[in-house]
Amino acid sequence: MIPEKFLDFSKRRKVPLTGSRAIAFGVFLSRANFIAAYPITPQTEIVEDLSQLATLREKEMVFMKVESEHSAMSSCIGAAIGGARAFTATSSQGLEYMHEVVYWAGGARLPIVMAVATRVIAPPWSIQNEHTDFMLQLDNSWIQFFAKDPQEALDTIPIAYRVAEETNFPVMVGIDGYLTTHFTTNVDVPSQEEIDSFLPKKQIKDFWPKSLYAVVDERYFNEHRYKQYKAFLASSKIIEKAEKEYSKKIGRSYSAIEKFNEDSKNLIFVIGASFGEAQLASEELTKKGIRTGAIRLRRLRPFPEDEIKKVAKNAERIIVVERSFATGSFGFIARELRSILGEKVKSFTTGLGGKDITKETFKKAVKLATKNERGWIL
Amino acid sequence: MITIKDVLNEGKDEVWLSGNLSCPGCGASLGLRYLARALRNEEFYVIIPASCSSVIQGFWPNSAAKFSIINCAFASSAAVATGLSRAFKLRNKKAKVVVWAGDGGTADIGLATLSGAAERNEDFLYIMYDNEAYMNTGIQRSSQTPYKAVTTTTPFGKEEEKKDLDLIMMAHGVYVATASPAFPLDFFEKVRKAVSLPGFKFIHFFSPCPPGWRYPSEKTIEIARLAVQTSFFILFEFENGKVKISQPSLPYREEKNRKPLEEYLKLQGRFKGISEEDVKRMKEWINQKWKILEKFE
Amino acid sequence: MQSSSKKNKGIKEFGVEGLYSNPKNPANTGEWRVEAPVIDYQKCTNCLICFMYCPEGAIEVTDEGKVKINYNFCKGCGVCANECPVKAIKFVNEKELVKK
Chain H
1 MIPEKFLDFS KRRKVPLTGS RAIAFGVFLS RANFIAAYPI TPQTEIVEDL SQLATLREKE
61 MVFMKVESEH SAMSSCIGAA IGGARAFTAT SSQGLEYMHE VVYWAGGARL PIVMAVATRV
121 IAPPWSIQNE HTDFMLQLDN SWIQFFAKDP QEALDTIPIA YRVAEETNFP VMVGIDGYLT
181 THFTTNVDVP SQEEIDSFLP KKQIKDFWPK SLYAVVDERY FNEHRYKQYK AFLASSKIIE
241 KAEKEYSKKI GRSYSAIEKF NEDSKNLIFV IGASFGEAQL ASEELTKKGI RTGAIRLRRL
301 RPFPEDEIKK VAKNAERIIV VERSFATGSF GFIARELRSI LGEKVKSFTT GLGGKDITKE
361 TFKKAVKLAT KNERGWIL
Chain F
1 MITIKDVLNE GKDEVWLSGN LSCPGCGASL GLRYLARALR NEEFYVIIPA SCSSVIQGFW
61 PNSAAKFSII NCAFASSAAV ATGLSRAFKL RNKKAKVVVW AGDGGTADIG LATLSGAAER
121 NEDFLYIMYD NEAYMNTGIQ RSSQTPYKAV TTTTPFGKEE EKKDLDLIMM AHGVYVATAS
181 PAFPLDFFEK VRKAVSLPGF KFIHFFSPCP PGWRYPSEKT IEIARLAVQT SFFILFEFEN
241 GKVKISQPSL PYREEKNRKP LEEYLKLQGR FKGISEEDVK RMKEWINQKW KILEKFE
Chain A
1 MQSSSKKNKG IKEFGVEGLY SNPKNPANTG EWRVEAPVID YQKCTNCLIC FMYCPEGAIE
61 VTDEGKVKIN YNFCKGCGVC ANECPVKAIK FVNEKELVKK
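Chains as they are written, first to last, in our numbering: chain H, 1 to 378; chain F, 1 to 297; chain A, 1 to 100.
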């Protein structure tokens, strides 16, 4: 239960929030009015908090308790077509179960926002943190962000809705299971008025009597996908504009990558909450004479090719440390970085099944990278 | 009770346009034509999952429908309808939401979603048009294929009985009705009644298929009529815990008044080679169904 | 090629044309026919049963109340002839129809 004293959204205030609760607050502030809820660890608290918040707006907010994740995303699709602002949240098994309709939402160009609390995909069973489920959703035509802490999780939701409604692409916001979802920090929660000034009311365009999503044959299909692809790449400009405006109105700036000590010959690339440990490792290594920096990839899709090329231009070694299980030649992100930066990208896998990633892990990775182009840190 | 003249006077033009891509004599195309005419004075959205109807409506950029069809993934039709009807209610939009799904997408892959929507009593009409197999992919058996029917995946006849989806939906406590293209005015009345009721409504529409059931296309209506006259398909309504047998099926309550089941079966190539014992078993199943329905009358 | 500023302004709508279809007869399915139905107006009683049962909606009713087959779309399925209570509909070869 959210304590009563936290439920005053009229003023800006600092509140101790877990990552899950921060997302729920972000969704509530964004005036999302259709929540499709199905529980799965570690996302359960998001939907529990939203069920309580929905009672504050009884007539204007629908809290839909669906019977499966597949139906959760399908009902979000129906709601978005009908003009509602739709939200759902899920994790590993649920995300895989709804994968068919996740792809559908991307191709249907619907402005849905989904939070993914990352978790191991079975078997073997585990409810602990791992990014594999988020990574398997790359290239679904979804814009993807990964937040590192509860503050960023809350801020990313209004930005996500703004971007989704201006580009007509759905947006996925990932956070570390347990490391962010169950971790409490003091979060600066903007007031409802401030978010309203950033995120306008959803524009509804009725399409009666047109029909949607019919069969397209081979004469037109290629061109259709080409246009979708061009629109997807062009959405990065709209994302930057939205982030700039958020920074002006609310005071916190976000961009596709977060840099620390980036003018170094070794650059560690991470995603999510372990950025803190990566920064500590960089500091300690630099003190020892091995100049190291850390880059956090915050936006995975559209892939920020230009920003990465710029920041990695003078680096000698890119050490990508991924908390996800890929059976290809290199890790999910390492593959993409290697294709634009070449052989100086080294790919490491660690932290699977919730194992702690500490500054020692990163130091080991930097050491291994001097001789190996890929490896595991067990 | 509505008459053919009434249907004509409401509008000469079709709402489900000619020139659609259905096979000649298609029961589903006829069903959509009736549905569209029944709801012609409303703004209505029809959600169609993967099925023959996804192809019948025509390829982009032309649609045979003068109403909005929203195509969706196979198992998700009831959930998309849930989201759409709720979103309309949130902004007080007066529009009707109807699902037009095949038997595969309803009774097999879509059963969980269907049951969830019925249990939550969502406000839309779900129509299952039953051509008794996965026809769009080339006549494979589904749970709605009758006993001993030949399909490409049951080349010697289906061993299992037809799953009684009517009883399953009655157990959810929602409005359930059955309809047949041979009695279109009865179907009109049921559709119009259903969209005026609140909550979840389910209509089971009998849809004969010439290539799938292997009969010459001109016999579509004759077969649909025989199905009712032999009680292979019983027309009824279930509302508030009570069954009301519809007018066309009333004369066939007693077995002696029904047309012989052999007449229905011999018209269709999919029942070729069926034995006397099989026919006897099917007749017993029909008596069983009447007994169950009468318990709720 | 569109200028980049135009693309950014319109990307919400860019690429969505392939998702919307408009009401229009999909095909001239009259070309599918091998045999065509012909109504004998001497026998026809204007009961409108053929109009009701046509799966294509290809039987129109004129302002005078007479039924007329739309040969642009009639697929020749034969339901009308099978259901006509006075057997006023006969099937003829396509070539004969063209002659008429």
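Quick reminder that beta carbons are idealized off the backbone N, C-alpha and C, glycines included.
Here the structure is a predicted model, which means the values were calculated and not measured.
Classification of residue i by the beta-carbon crowding that lies within 10 angstroms, buried from 16 upward
{"i": "glutamine 288/F", "result": "exposed"}
{"i": "methionine 1/F", "result": "exposed"}
{"i": "lysine 6/A", "result": "At lysine 6/A the pLDDT is 48, less than 50, meaning the model places this residue with poor confidence; the figure from the coordinates comes in the next sentence. Label assigned to lysine 6/A: exposed."}
{"i": "asparagine 93/A", "result": "exposed"}
{"i": "glutamate 189/F", "result": "buried"}
{"i": "lysine 96/F", "result": "buried"}
{"i": "glutamate 223/H", "result": "exposed"}
{"i": "phenylalanine 73/A", "result": "buried"}
{"i": "cysteine 322/H", "result": "Strictly speaking, residue 322/H in this sequence is glutamate, with cysteine absent from that position. Glutamate 322/H is buried by the Cβ-count criterion."}
{"i": "alanine 89/H", "result": "buried"}
{"i": "tyrosine 41/A", "result": "exposed"}
{"i": "glycine 19/H", "result": "buried"}
{"i": "asparagine 8/A", "result": "The pLDDT assigned to asparagine 8/A is 47, lower than 50, so where the model puts this residue is not dependable; a value taken from the coordinates is nonetheless given after this. Buried."}
{"i": "lysine 11/H", "result": "exposed"}
{"i": "aspartate 186/F", "result": "buried"}
{"i": "methionine 98/H", "result": "buried"}
{"i": "valine 187/H", "result": "buried"}
{"i": "alanine 312/H", "result": "buried"}
Residue interval of the alpha helix (DSSP H) (run including residue i)
{"i": "glycine 104/F", "result": "Note, glycine 104/F: premise wrong, no alpha helix (DSSP H); not H, not E."}
{"i": "lysine 359/H", "result": "359 to 369"}
{"i": "phenylalanine 91/A", "result": "Segment 89 to 93 is the beta strand (DSSP E) holding phenylalanine 91/A; no alpha helix (DSSP H) there."}
{"i": "lysine 280/F", "result": "276 to 295"}
{"i": "alanine 312/H", "result": "That residue, alanine 312/H, is in no alpha helix (DSSP H); it is neither H nor E in DSSP."}
{"i": "isoleucine 195/H", "result": "192 to 198"}
{"i": "tyrosine 226/H", "result": "221 to 250"}
Cα-Cα separation, residue i to residue j
{"i": "tryptophan 290/F", "j": "lysine 259/F", "result": "15 angstroms"}
{"i": "lysine 59/H", "j": "phenylalanine 34/H", "result": "11 angstroms"}
{"i": "threonine 145/F", "j": "leucine 111/F", "result": "16 angstroms"}
{"i": "lysine 94/F", "j": "alanine 231/H", "result": "34 angstroms"}
{"i": "leucine 114/F", "j": "lysine 12/A", "result": "33 angstroms"}
{"i": "alanine 315/H", "j": "threonine 137/F", "result": "55 angstroms"}
{"i": "serine 68/H", "j": "leucine 95/H", "result": "11 angstroms"}
{"i": "tyrosine 254/H", "j": "leucine 297/H", "result": "11 angstroms"}
{"i": "alanine 388/H", "j": "threonine 132/H", "result": "Residue 388/H falls outside the range modelled here, since chain H spans only 1 to 378, and no answer is possible."}
{"i": "proline 37/A", "j": "phenylalanine 238/F", "result": "40 angstroms"}
{"i": "glycine 157/F", "j": "tyrosine 175/F", "result": "33 angstroms"}
{"i": "threonine 401/H", "j": "glycine 10/A", "result": "There is simply no residue 401/H to check, as chain H begins at 1 and stops at 378 in what is shown."}
{"i": "glycine 26/H", "j": "aspartate 155/H", "result": "7 angstroms"}
{"i": "alanine 171/F", "j": "alanine 107/F", "result": "15 angstroms"}
{"i": "serine 197/H", "j": "alanine 242/H", "result": "12 angstroms"}
Residue i at chain H interface by Cβ criterion, 8 angstroms
{"i": "isoleucine 69/F", "result": "yes"}
{"i": "asparagine 22/A", "result": "yes"}
Residue i at chain A interface by Cβ criterion, 8 angstroms
{"i": "lysine 289/F", "result": "no"}
{"i": "arginine 40/F", "result": "no"}
{"i": "asparagine 372/H", "result": "no"}
{"i": "alanine 108/H", "result": "yes"}
{"i": "valine 216/H", "result": "yes"}
First through last residue of the beta strand (DSSP E) which encompasses residue i
{"i": "threonine 90/H", "result": "86 to 90"}
{"i": "histidine 70/H", "result": "No beta strand (DSSP E) holds histidine 70/H; the alpha helix (DSSP H) holding it covers 69 to 82."}
{"i": "isoleucine 127/F", "result": "125 to 130"}
{"i": "isoleucine 295/H", "result": "292 to 297"}
{"i": "tryptophan 376/H", "result": "374 to 377"}
Cutoff 8 angstroms: residue i Cβ touching any chain F Cβ
{"i": "glycine 94/H", "result": "no"}
{"i": "tyrosine 71/A", "result": "no"}
{"i": "tyrosine 226/H", "result": "no"}
{"i": "serine 141/H", "result": "no"}
Can you give me, in chain order, the residues of the segment 191 to 221 of chain F that have a beta carbon less than 8 angstroms from any beta carbon in chain H? none
The segment 182 to 214 of chain H: positions lying closer than 9 angstroms to chain F by Cβ: Ile204, Asp206, Phe207, Trp208, Pro209, Lys210, Ser211, Leu212, Tyr213, Ala214
If the cut-off is 7 angstroms on Cβ atoms, which residues from the segment 9 to 20 of chain A count as contacting chain H, listed in chain order? Ile11, Lys12, Phe14, Gly15, Val16, Gly18, Leu19, Tyr20
What residues in the segment 69 to 97 of chain F have a beta carbon less than 7 angstroms from any beta carbon of chain A? none
Chain A contacts from the segment 41 to 59 of chain F (Cβ-Cβ distance under 8 angstroms): Gln57, Gly58, Phe59
Where the segment 104 to 121 of chain F meets chain H: residues whose CB sits under 9 angstroms from a CB there: Ala112, Thr113, Ser115, Gly116, Ala117, Glu119, Arg120
For the segment 5 to 34 of chain H, enumerate the residues whose C-beta is nearer than 8 angstroms to any C-beta of chain F, in chain order. Asn33, Phe34
Give the residues from the segment 236 to 249 of chain F that approach chain A closer than 9 angstroms (Cβ to any Cβ), ordered along the chain. none
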